Each structure stands twice: as structure tokens, then as C-alpha cells.
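Mapping of the sequence shown onto the working numbering: residues 115 to 528, in sequence order. Every residue, glycine too, gets a C-beta built ideally from N, C-alpha and C. None of the values given here were measured: they were computed from a predicted structure. Notes follow once the structure below has been shown.
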Amino acid sequence: MGENNLKFVMYPWLGMGHLTAFLHISNKLAERVPHVDGLPYGTESTAYVPAPMYTLLRRAMDLTEPAIEALLQELKPHFVFFDFAHWLPQMARKLGIKSILYFVISPASVGYLFRDESNVDAYKEPPAGFPPSVVKLHTHEARAFHFINNTKEIGSGIKFVERVIMAAEECDAMGFKSCREIEGKYLEFLEKKFKKPVIPAGPVSPDAPTSRLEKKWAQWLNQFEPKSVIFSTFGSEIRLNMDQFQELVLGFELTGLPFLAALKPPLEAETIEEALPEGFKERTAERGVVYGDWMQQQLILSHPSVGCFVTHCGWSSLSEAMLVLIPHMCDQLINARLMGGDLRAGVEVEKGDEDGLFTREGVAQAIRLVMEGDSEIVKEVRANRGKLREFFMRKELENSYVDEFVQKLKCLLE
115 MGENNLKFVM YPWLGMGHLT AFLHISNKLA ERVPHVDGLP YGTESTAYVP APMYTLLRRA
175 MDLTEPAIEA LLQELKPHFV FFDFAHWLPQ MARKLGIKSI LYFVISPASV GYLFRDESNV
235 DAYKEPPAGF PPSVVKLHTH EARAFHFINN TKEIGSGIKF VERVIMAAEE CDAMGFKSCR
295 EIEGKYLEFL EKKFKKPVIP AGPVSPDAPT SRLEKKWAQW LNQFEPKSVI FSTFGSEIRL
355 NMDQFQELVL GFELTGLPFL AALKPPLEAE TIEEALPEGF KERTAERGVV YGDWMQQQLI
415 LSHPSVGCFV THCGWSSLSE AMLVLIPHMC DQLINARLMG GDLRAGVEVE KGDEDGLFTR
475 EGVAQAIRLV MEGDSEIVKE VRANRGKLRE FFMRKELENS YVDEFVQKLK CLLE
């Protein structure tokens, strides 16, 4: 028997020394799973590799197909939830299991982006039958998504868009972290397109954190006036190039407002320190911090001093902070158009249509608009933001959606 066919179960004594020792040996054994040439050893998620290697990571996921089939045969569940494993619906059907294609991106994004177009310009406009909306892609965005959708993956030989479309066509139902009140027309569009149930699960909000904000950040934020601080983070995957990183932080400086940013170092640098513009740290020492590690986002956003959240999409943020949107890829683009356009609950930073670059002046202008402006537009954005937050924070809303989600899944078994 080859080592890739070996199966292990760990059941240690419930003492920390025993648990950690078993965990360590489990990690070492897990490193021996099928390897994909070109993918660094030990890679377990997108957090470990740059975007150009995502195709290799999908190939690695495909190599787990035999192991997943063996697991499903043993567990015999009623349902299996998946997203990019296009081979899973046929496997599940063979085993008498219902497959649910559960998207963590919005139904508007799925409806707009996942289509097989040979012409780049086709992506600049919505597909046929797409609901009336302000959602459109700029030239540089259409070009990027055309490339992503139409590049054949090494090993499988299929295109990314084919992977998603096959999964949507073969699954028993599609699920979304969404609400009919916000994206009902897009849910209906997908239901008509794929001719199968499309079930919203509601906002599925994370529980409020029970921990406290780290003391050094609480003390730093406490020194500023309510709703005066800019907070910014671009998630665990996005790394800007050096030029855009510097334009972003210089935009913060240009506002004259206090700011706290949790950003990964740019692609051309190892650390935040070496990436900061010359003299930047000295000029902003009293009012600005750029931090290169994880921060307690929910707790920071709930601090009364924070008034503006500069983010790559902002769809899942339920804070009271005003949103300034700088989308970078895939569904973030559609989310930003929905939030800034359809829902008018945020402001998107302007970028060049061809090159997709933003400037420090553009960043500062968008922030000032939501932080200092008193125009009718700002009043509307602020009011809509408040309504959205109030809507999503209703616990009975989430409970009713989850209950309905379960009931509709049960109907699939009848």
C-alpha cells in the first residue's frame, strides 16, 4: 500500500501535552498528501500562495477526490456542501447524497461574472436577462476577469468558469449568504438560469466577539474624538504593489485625519517598514499607524472613535463606520458596485478605466466625502448605511432565514 492510501485516526488523552503531540505528528503526516508540482510543500490555503498559483491549489484540491469519496461513503450524510469542486455533484448523486453549491460570494457576482465569454468587452456589460442595475465592469476589470475565466488549468485542462458552471448545472440546489430583501432579483435570475432551487441562508453573521480589544489598540483609539479615525484592512490575501500601497497610505496622510491600517506588505517588500514612503512615519507619528499583522477587526470597527472603514469590499461589515471601497478582484468588484451604486451605502474610490490605478488624491477625496461632507449624497449614504446595519442586526431575521433554509433542504429529500 502506497503512503498516499494510508488513513490515520488520532484519539489522544485529553491532556494538553498529549493533544499537542498528536497534533504535531498529524501535521507531519498530512504533509505527505499528493503533491502538485510548482506548489510549495505545506501549502494548505490561498493564504500561503500568491494569486497566480491558485490554479495549482485547485489542482491539489482535485487530487483529494478519491479521499472525499471514501469519506462520503463512510459518513453517508444527507447533504454535502461545496463550491469549486466541480466533480462533487456526480459523486454525491452516485452515493445518494444531495449536493449543495454554497457560494460565499453574492448572487449578483455569480450572475454577472460566471459566464463563458470569448470577447473581453462582453464583460463590461451585464449578461442577457440580468436584472436592472448600475453594476458594470471597467475596462481593466473586464480584461482581468476574462483572463481568469478563460485560462485552462494545468492538470484538469478545464477553465475556471467551466468549473463553476459545471458545479452549478450538476448540483441539486444552490445556497447563498444573502437575503431576498437585498438581492432577491439576483437570486431569481439564477433560479431561472439554472432551473433549480436557489436558497438564501440569510446574513449568517458571526457572533459578537467575547474577547476585549487588545490594550495597546484600545489606548491608541481612545485618544481620538468619536467617529474621527480611519480604519483600513484589505483581508488576508490581498497584497498591493509598492506604488499602490504608497498611494493608499499617502492618501490617508492627505486627509489630515487619524488612521489605523492593517495591511500586508506590498509584493516588492518583506516588511511594512521598508515599504512606507520616505519621511511618512515621522510625519504621521502622532496620528497614524500602519501595522503588518492581523488585528481584531470586529472590535476595532465597534470602537466609538472609528468613523470610516476603507476596505476591499465591505459587504460583510456590520459596523456603523462609513464605507470607502477599493475593490481588487472577482466578487469584490460587484460588491463595491452594489454597495456604492444599487444600495448607495458606501463610496467607491475612483480608478483609471484602463489601468485600474487609484491615486492618493482619490483616496483622500472619498474619505473626506464620507467623513467631513454634509451634502445630500453623504446624508443619503449615511442613512442607507444605518438602515442596512439595522436590518442585518435583527436576530429574528437570521433565525427565520436559517429555519427556512433547513426546511427547503428537507424538501430536497422528499
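Nearest-angstrom beta carbon gap, residue j and residue i [assumed within contact, 8 Å]
{"i": "Val343", "j": "Ser419", "result": "5 Å"}
{"i": "Pro311", "j": "Ala287", "result": "4 Å"}
{"i": "Gly470", "j": "His254", "result": "4 Å"}
{"i": "Val461", "j": "Ala480", "result": "5 Å"}
{"i": "Ala383", "j": "Met356", "result": "7 Å"}
{"i": "Lys341", "j": "Gly421", "result": "3 Å"}
{"i": "Tyr515", "j": "Cys293", "result": "7 Å"}
{"i": "Leu562", "j": "Leu153", "result": "This structure gives no information on residue 562, because the portion of the chain shown stretches from 115 to 528."}
{"i": "Ser319", "j": "Glu512", "result": "6 Å"}
{"i": "Leu215", "j": "Ala135", "result": "Actually they do not touch by this definition, with Cβ atoms about 39 Å apart."}
Same chain only: Cβ atoms within 6 Å of residue i, ignoring 5 sequence neighbours per side
{"i": "Thr385", "result": "Pro379"}
{"i": "Gln446", "result": "His426 and Cys427"}
{"i": "Val194", "result": "Ala206, Ile211 and Ser213"}
{"i": "Arg474", "result": "Glu361, Leu364, Gly365 and Leu368"}
{"i": "Gly280", "result": "Note that residue 280 corresponds to Met in the displayed sequence, not to Gly. Closer than 6 Å at the Cβ level, and outside the excluded window around Met280, lie His200."}
{"i": "Gln412", "result": "Pro323"}
{"i": "Phe472", "result": "Val463 and Lys465"}
{"i": "Val150", "result": "Leu170, Arg173 and Ala174"}
N- and C-terminal bounds of the beta strand (DSSP E) containing residue i
{"i": "Val312", "result": "Val312 to Pro314"}
{"i": "Gly421", "result": "Val420 to Thr425"}
{"i": "Ala287", "result": "Ala287 to Phe290"}
Heavy atom of the ligand FMN within 7 Å of residue i beta-carbon
{"i": "Val420", "result": "As presented, the structure is devoid of all ligands, the ligand FMN included, so that no description of it is given."}
Run of the alpha helix (DSSP H) containing residue i, from where it starts to where it stops
{"i": "Val212", "result": "Per the sequence shown, residue 212 should be read as Lys rather than Val. No alpha helix (DSSP H) contains Lys212, which is instead part of the beta strand (DSSP E) from Lys212 to Phe217."}
{"i": "Leu327", "result": "Taken as a continuous stretch (DSSP letters only), Leu327 belongs to no alpha helix (DSSP H), as it is neither H nor E."}
{"i": "Met436", "result": "From DSSP, Met436 is part of no alpha helix (DSSP H) but of the beta strand (DSSP E) over Met436 to Leu439."}
{"i": "Thr385", "result": "Premise fails: Thr385 is in no alpha helix (DSSP H) and is neither H nor E."}
{"i": "Glu188", "result": "Glu179 to Leu189"}
{"i": "Arg207", "result": "Leu202 to Lys208"}
{"i": "His149", "result": "Taken as a continuous stretch (DSSP letters only), His149 belongs to no alpha helix (DSSP H), as it is neither H nor E."}
{"i": "Glu414", "result": "Checking the sequence, you will find Ile at residue 414 rather than Glu. Note, Ile414: alpha helix (DSSP H), Gln411 to Leu415."}
{"i": "Cys293", "result": "That residue, Cys293, is in no alpha helix (DSSP H); it is neither H nor E in DSSP."}
{"i": "Ser223", "result": "Pro221 to Leu227"}
{"i": "Asp517", "result": "Lys509 to Leu526"}
{"i": "Met485", "result": "Arg474 to Met485"}
Whether residue i touches residue j by CB criterion (8 Å)
{"i": "Ala242", "j": "Glu297", "result": "no"}
{"i": "Ala376", "j": "Thr347", "result": "yes"}
{"i": "Ala258", "j": "Lys291", "result": "no"}
{"i": "Met436", "j": "Val484", "result": "yes"}
{"i": "Gly424", "j": "Arg458", "result": "Looking at the sequence provided, one finds Val at residue 424 rather than Gly. It is not a contact, given that the beta carbons lie outside the stated cut-off."}
{"i": "Leu209", "j": "Leu186", "result": "yes"}
{"i": "Phe345", "j": "Ile414", "result": "yes"}
{"i": "Glu267", "j": "Thr169", "result": "yes"}
{"i": "Leu189", "j": "Phe196", "result": "no"}
{"i": "Ile448", "j": "Leu304", "result": "no"}
{"i": "Gly225", "j": "Phe244", "result": "yes"}
{"i": "Arg173", "j": "Ser270", "result": "yes"}
{"i": "Val403", "j": "Leu374", "result": "yes"}
{"i": "Glu486", "j": "Gly476", "result": "no"}
{"i": "Val249", "j": "Pro240", "result": "yes"}
{"i": "Leu390", "j": "Arg353", "result": "no"}
{"i": "His417", "j": "Leu502", "result": "no"}
Beta bridge counterpart(s) of residue i as assigned by DSSP
{"i": "Ile344", "result": "Phe373 and Cys422"}
{"i": "Tyr405", "result": "Ala376"}
{"i": "Val194", "result": "Ser213"}
{"i": "Glu462", "result": "Leu439"}
{"i": "Lys273", "result": "Lys266"}
Nonlocal neighbours in the same chain, by C-beta distance under 8 Å from residue i, ignoring five residues either side
{"i": "Arg508", "result": "none"}
{"i": "Gln204", "result": "Glu284"}
{"i": "Glu468", "result": "Thr253 and His254"}
{"i": "Lys522", "result": "Ala287, Pro311 and Ile313"}
{"i": "Leu527", "result": "His192 and Lys212"}
Cβ-based neighbour list, residue i, same chain, cut-off 7 Å, excluding 5 preceding and 5 following
{"i": "Phe338", "result": "Pro372 and Ser419"}
{"i": "Ala256", "result": "Val234, Asp235, Tyr237 and Lys238"}
{"i": "Glu179", "result": "Trp201"}
{"i": "Trp272", "result": "Here residue 272 turns out to be Ile, not Trp, going by the sequence shown. The residues are Lys266."}
{"i": "Gly349", "result": "His426"}
{"i": "Met115", "result": "Any reading at Met115 is ruled out, since the residue's pLDDT is 43, under 50, leaving its predicted position unreliable."}
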